[in-house]
Amino acid sequence: MSDYSSPYISTTNACKLCKPLGACLAFRGIEGAVPFLHGSQGCATYMRRYIISHFREPMDIASSSLGEKHAVYGGEANLRQGLQNVMKKFGARLVGVATTCLTETIGDDVPMILRTFKREMAEQGTAHQDLPAIVNVATPSYSGTHMEGFHAAVRAVVEQLAECPEDAGRSAAVNLLPGFTSPADVRYLQEIMADCGIPVIVLPDISETLDGPALDDYRKIPDGGTSLAEIARMGCSRATIELGRTLFGHESAGRLLETRFQVPLHRLGVPIGLRESDRLFEVLQLLAGVETPEKHVLERGRLIDAYVDGHKYTFGKGAVIYGEEDLVIGLTSFLLEIGVKPLLCASGGKSGRLREAIEDVNDSILPELPIIREGVDFYEIAEEAESLSPDLLLGHSKGYHLARRFRIPLIRVGFPIHDRFGGQRVLHLGYRGAQELFDRIVNALLDAKQEASPVGYGYM
Amino acid sequence: MAALLEGCFNLDTDEVCEIKPEDVKQELIQKYPVKVARKRAKQIVINKVDECGQVPEIQSNVRTIPGIITQRGCTYAGCKGVVLGPTRDIVNLTHGPIGCGFYSWLTRRNQTRPNGPDDHNFMTYCFSTDMQDEEIIFGGEKKLRQAIQEAYDIFKPKAISIFSTCPVGLIGDDVHQVAREMKEKLGINVFAFSCEGYKGVSQSAGHHIANNGIFTHVVGLDDTVREGKFKLNLLGEYNIGGDAFEIERIFEECGITLVSTFSGNSTIDQFANSHTADLNLIMCHRSINYVAEMMETKFGIPWIKVNFIGAEATAKSLRKIARYFEDQELMDKVEAVIAREMPAVEKVREEVKARCQGKLAMLFVGGSRAHHYQELFAEIGMETISAGYEFAHRDDYEGRRVLPNIKVDADSRNIEELEVHPDPTRFRPRKPAGDLARLQEQGFRFKDYDGMMAEMGDGKLVIDDISQYETEKLIEIYKPAIFCAGIKEKYAVQKSGIPMKQLHSYDSGGPYAAFRGAVNFYREIDRMVNSKVWSYLKPPWEKNPELAAKYAWD
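Protein sequence lines correspond, in order, to chains A and B.
For the record, in the first sequence the residue sitting at position 394 is 393 according to numbering that gives the first Met the number 0, with numbers rising by one throughout.
For the record, in the second sequence the residue sitting at position 543 is 542 according to numbering that gives the first Met the number 0, with numbers rising by one throughout.
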């Protein structure tokens with residue numbers, strides 16, 4: 000559990016987003032899916048605008064648009080009507096229904112409403128293939144952050160759709176549950192798996208749905224995403240790799256596949272930096288039964304070469320890291336490798352796992368752990384950072400004011416990034432992601448040094 | 000679709016025949032279930048302005064159909080995000096779970112200009128009670144009270160306002176009682192808004208609630224009369240992308256004293272003092288007309304509709320102000336400012352017009368911009384073929400003449416109408432009744448707005464609360480040169496190969512108001528509609544398939 004209790008009552012400049020937003024993001028990574036919020040329409044509008052400002056891609060979220068009357072009498076009629084409209088006009092193959100504060104507070108029984116809806120649709124003669132899969136997840140935003148919403152939605156999809164018929168044998172496929180990473184990260188993970196010769200089912204797969212090509216004929220639902228057929232087969236896969244140290248010990252999607260379908264589960268940290276990436280490749284080598292492909296060995300080699308070359312710039316610098324817990328853990332692990340001293344590791348999330356995970360990735364590199372704060376906001380992060388004199392910040396756009404106040408570089412990673420371009424293409428994972436992060440950090444430090452120098456040195 | 004366009008394009012001559020708006024309307028609604036189609040048919044209207052300026056009736060401010068992806072927001076968004084958000088020195092505390100506060104955290108690009116480093120500016124902050132399960136079960140008043148105390152202890156603000164989100168109304172927290180208690184305890188202004196997201200049909204309800212709140216709790220608290228001969232308030236200007244700064248510059252050059260702006264670049268003291276002005280100008284009619292009406296009834300300040308979007312519209316509005324004050328010196332100054340500003344505007348306008356003339360625009364924005372920006376497009380020769388509002392009411396479309404005929408439904412009844420009476424000591428007619436009557440006889444119009452449709456030509460499609468689906472259809476049919484809406488539509492529109500300009504938050508641009516703003520806008524639209532990027536969509540081998548085929552055949 001967290002050893003820190005905030006002295007503040009209110010949250011000032013939050014370092015977390017709300018639970019249903021995470022669920023919508025996860026649903027967006029499924030082929031033919033339309034995320035659907037059961038609540039008042041403002042939630043869908045707000046979350047769409049927020050997700051869009053990061054990805055610069057269309058993001059439709061349907062809503063049951065509840066009003067005052069429905070808050071009193073229940074939202075069933077609106078939910079049903081909304082589902083029908085989404086089916087008719089979007090041709091959705093999956094509708095991901097997430098609840099909101101409103102419907103959780105009034106206590107709408109969404110699973111029951113959906114069961115009735117599906118039964119009635121079938122009775123009315125809607126052919127099975129015309130009826131989309133409907134997955135529901137409870138995401139009251141007064142309980143947990145967007146990351147809990149994300150993982151809950153992934154779990155709900157697996158729980159409600161994955162199968163493995165008794166007579167089916169194990170398939171050659173491996174399930175990969177990457178958590179919330181960038182589309183560029185997902186594409187890279189797919190490339191690694193292909194290079195290792197492992198057929199993979201990535202859930203969710205936002206690589207194309209949230210980073211698609213320019214088009215001149217708009218598609219209501221973007222191409223890409225994990226297909227329903229793949230999801231259905233997840234129970235038969237020969238292994239699951241689940242990324243995220245905060246999920247260790249949790250009833251996650253990976254755990255569910257393990258207990259219900261006996262799919263062996265490999266739990267790993269989010270592979271940021273060399274050591275966490277090595278752990279991933281170790282598992283892949285095991286699963287593939289062959290050596291890590293030369294291409295990736297070379298990338299690893301180049302990364303270490305860069306670590307050697309750039310060490311003089313990074314060594315001894317202090318950093319504040321904030322954002323989603325698993326991202327913070329991965330980044331901390333990476334910084335420890337390159338000689339940057341993590342001073343403060345902070346998150347708005349409150350899994351109770353942050354300290355232990357950071358202890359694990361520290362692996363005795365530092366004799367003393369950095370300050371670790373769960374469940375904090377930027378007001379507290381700023382207060383804490385004040386006495387630490389950090390040289391750089393790593394996190395999303397909301398830390399900009401901190402960077403401005405301390406006049407230090409902010410390396411923008413994670414979500415949301417709305418004051419820089421290309422947030423969807425930031426690569427964080429694997430050897431290649433570490434290489435990109437390392438180059439960015441070194442250059443940001445050089446840039447700051449050069450800017451601060453009274454002489455215009457061209458060699459630094 | 001095919002049927003609609005059949006015979007419309009003559010491929011041999013490149014001639015484009017006229018697309019019939021009746022057919023387009025049919026096309027937009029034909030895929031809907033009968034009930035939905037019937038409802039949408041009333042919200043999609045083919046414009047026709049008769050000789051008295053009458054336009055057809057359009058249904059608006061009615062609930063959105065579930066599952067149709069709407070662009071509308073909620074009551075909280077209208078109250079906290081739109082109206083109160085741009086005021087820099089009030090601590091705006093969201094009472095609710097974290098999302099609502101986070102998503103309204105400076106996202107509208109309202110700008111502000113504090114008077115110095117010590118001046119309070121909370122706009123970059125996002126305050127929330129961040130409700131948890133515990134508060135949902137046991138009530139959130141205690142936490143709210145503590146949060147207010149904490150905000151006071153840390154920031155010592157002049158005022159704290161509380162915004163309720165969905166769960167607050169459901170669990171029955173009495174935010175107004177908490178506000179009263181804390182106001183008494185702390186000795187600063189503390190007031191609350193019951194702006195739960197599920198109230199009303201869109202953010203419009205939130206505007207009304209915000210208007211009521213500011214009027215009740217702030218307007219009239221400070222009777223200090225500022226110096227200045229021509230004192231006015233600018234209502235419904237939110238300083239997105241710095242619009243208000245440009246308008247302020249013009250006012251200053253004309254010798255006009257701006258007592259307050261609701262609410263771009265504003266402070267709470269300006270609101271408190273706003274009843275001392277002699278004229279109210281309304282920019283965004285939808286979001287702020289309530290305050291203007293109430294100020295007129297209580298304090299005797301007349302209001303007029305203005306528009307500072309468009310160089311000609313700006314000149315017209317400035318002349319209207321000068322005419323109201325009936326002061327030769329002001330009239331001369333206004334003319335001098337217009338004469339000084341216009342050449343630079345005209346120079347760019349002519350240049351840009353040569354490249355934009357005849358192109359089509361579509362505008363689906365908020366509650367006034369879909370109207371105002373038609374002026375700017377017209378100035379560079381572009382035609383607005385279709386337009387509509389996200390959350391407007393009939394008066395914004397058809398003009399205030401329809402106000403007596405608007406049906407009050409259950410949703411509107413939920414939003415309180417304040418009963419306002421003339422202030423016993425402070426009501427003061429700003430002009431003798433005779434002067435007002437004379438001005439009116441000369442065609443000067445007070446408290447009036449003709450709405451968007453009267454200024455749009457016949458045959459134009461006016462669409463209320465347009466859905467994503469209808470947007471796609473419209474684009475497919477008309478292939479406009481530019482589509483204007485918000486960030487939610489932006490990338491969907493651009494994936495249809497059409498440039499899309501955000502008119503809620505201006506993308507990263509602005510100001511677009513008044514003279515320099517007009518120049519910025521001309522340049523921006525020129526850049527967008529004449530961009531070559533869309534021509535690169537097809538790779539060369541797909542553009543010349545014969546060539547590829549030939550090689551293959553060889």
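No residue lacks a Cβ here, since even glycine has one placed at the ideal position from N, Cα and C.
Owing to the predicted nature of the structure, the values given are computational and were not obtained by experimental measurement.
Presumed contact (8 angstroms Cβ cut-off) between residue i and residue j, rounded CB distance
i: A386 of chain B; j: Q202 of chain B; result: About 19 angstroms; that fails the 8 angstroms criterion.
i: T93 of chain B; j: K198 of chain B; result: That belief does not hold up - the Cβ atoms of T93 of chain B and K198 of chain B are roughly 16 angstroms apart, past 8 angstroms.
i: R259 of chain A; j: G234 of chain A; result: 7 angstroms
i: C483 of chain B; j: V351 of chain B; result: That pair is no contact at about 16 angstroms.
Cut-off 7 angstroms between Cβ atoms - residues of its own chain near residue i, not counting five sequence neighbours on either side
i: G347 of chain A; result: A13, C14, K15, T144, G374, V375, D376
i: F89 of chain A; result: V33, K219, I220
i: I213 of chain B; result: F270, V290
i: D13 of chain B; result: With a pLDDT of only 49 at D13 of chain B, under 50, the local geometry of the prediction cannot be trusted, and the value read off the model is given with reservation. Around D13 of chain B: no qualifying Cβ.
i: Q58 of chain B; result: K41, Q42, D463
i: S316 of chain B; result: V305, N306, F307
i: H207 of chain B; result: Y289, I414
Within chain A, partners of residue i - CB distance below 9 angstroms
i: T63 of chain B; result: Q40, S62, S64
i: S495 of chain B; result: L214, D215, D216, Y217
i: K472 of chain B; result: None at all; the shortest Cβ gap to chain A is about 10 angstroms.
Residue i burial status per 10 Å Cβ neighbour count (16 or more: buried)
i: E462 of chain A; result: Past the edges of chain A, shown from 0 to 459, lies residue 462 of chain A, and the structure says nothing about it.
i: A161 of chain A; result: buried
i: G72 of chain B; result: buried
i: Y321 of chain A; result: buried
i: K542 of chain B; result: exposed
i: L246 of chain A; result: buried
i: Y430 of chain A; result: buried
i: C51 of chain B; result: exposed
i: I153 of chain B; result: exposed
Distance, residue j Cα to residue i Cα
i: L36 of chain A; j: V96 of chain A; result: 6 angstroms
i: A158 of chain B; j: V174 of chain B; result: 15 angstroms
i: M361 of chain B; j: P479 of chain B; result: 7 angstroms
i: I188 of chain B; j: V71 of chain A; result: For the record, residue 188 of chain B in the displayed sequence is Asn; it is not Ile. Distance between the alpha carbons of N188 of chain B and V71 of chain A is about 33 angstroms.
i: Q493 of chain B; j: H371 of chain B; result: 23 angstroms
i: A366 of chain B; j: S466 of chain B; result: Per the sequence shown, the amino acid found at residue 366 of chain B is Gly instead of Ala. Computed Cα separation, rounded: 16 angstroms.
i: V54 of chain B; j: I405 of chain B; result: 15 angstroms
i: V344 of chain B; j: Y521 of chain B; result: 9 angstroms
i: K319 of chain B; j: E435 of chain A; result: 59 angstroms
i: D304 of chain A; j: G315 of chain A; result: 19 angstroms
i: A369 of chain B; j: I414 of chain B; result: 25 angstroms
i: R352 of chain A; j: L65 of chain A; result: 37 angstroms
i: G268 of chain A; j: Q159 of chain A; result: 26 angstroms
i: P263 of chain A; j: L255 of chain A; result: 11 angstroms
i: E281 of chain A; j: T111 of chain B; result: 54 angstroms
i: F390 of chain B; j: R354 of chain A; result: 48 angstroms
i: G485 of chain B; j: G148 of chain A; result: 26 angstroms
i: R114 of chain A; j: A132 of chain A; result: 11 angstroms
Cut-off 6 angstroms between Cβ atoms - residues of its own chain near residue i, not counting five sequence neighbours on either side
i: N232 of chain B; result: V258, S259, S273, A276, N279
i: T11 of chain A; result: D376, Y378
i: E340 of chain B; result: F514
i: G272 of chain A; result: S332, F333, E336, A433
i: I96 of chain B; result: It should be noted that the sequence gives Pro, not Ile, for residue 96 of chain B. Correct list, in chain order: M130.
i: W533 of chain B; result: G496
Within chain E, partners of residue i - CB distance below 8 angstroms
i: Y289 of chain B; result: Among the protein chains of the structure shown, namely A and B, there is no chain E.
Contacts of residue i in chain A (Cβ-Cβ under 7 angstroms)
i: R87 of chain B; result: What R87 of chain B touches in chain A: nothing, since even the nearest Cβ is about 15 angstroms away.
i: F126 of chain B; result: S9, T11
i: N543 of chain B; result: By Cβ distance, chain A contributes nothing, its closest Cβ being about 18 angstroms from N543 of chain B, past 7 angstroms.
i: P96 of chain B; result: C17, C100, S140, Y141
Contact list for residue i against chain B, beta-carbon separation under 8 angstroms
i: Q83 of chain A; result: P32, G66
Under 8 angstroms by beta carbon: chain A residues contacting residue i
i: Q70 of chain B; result: T44
i: D165 of chain B; result: For the record, residue 165 of chain B in the displayed sequence is Cys; it is not Asp. Under the 8 angstroms cutoff, chain A gives G38, S39, A70, T99, C100, L101, T104.
i: Q131 of chain B; result: Y141, S142
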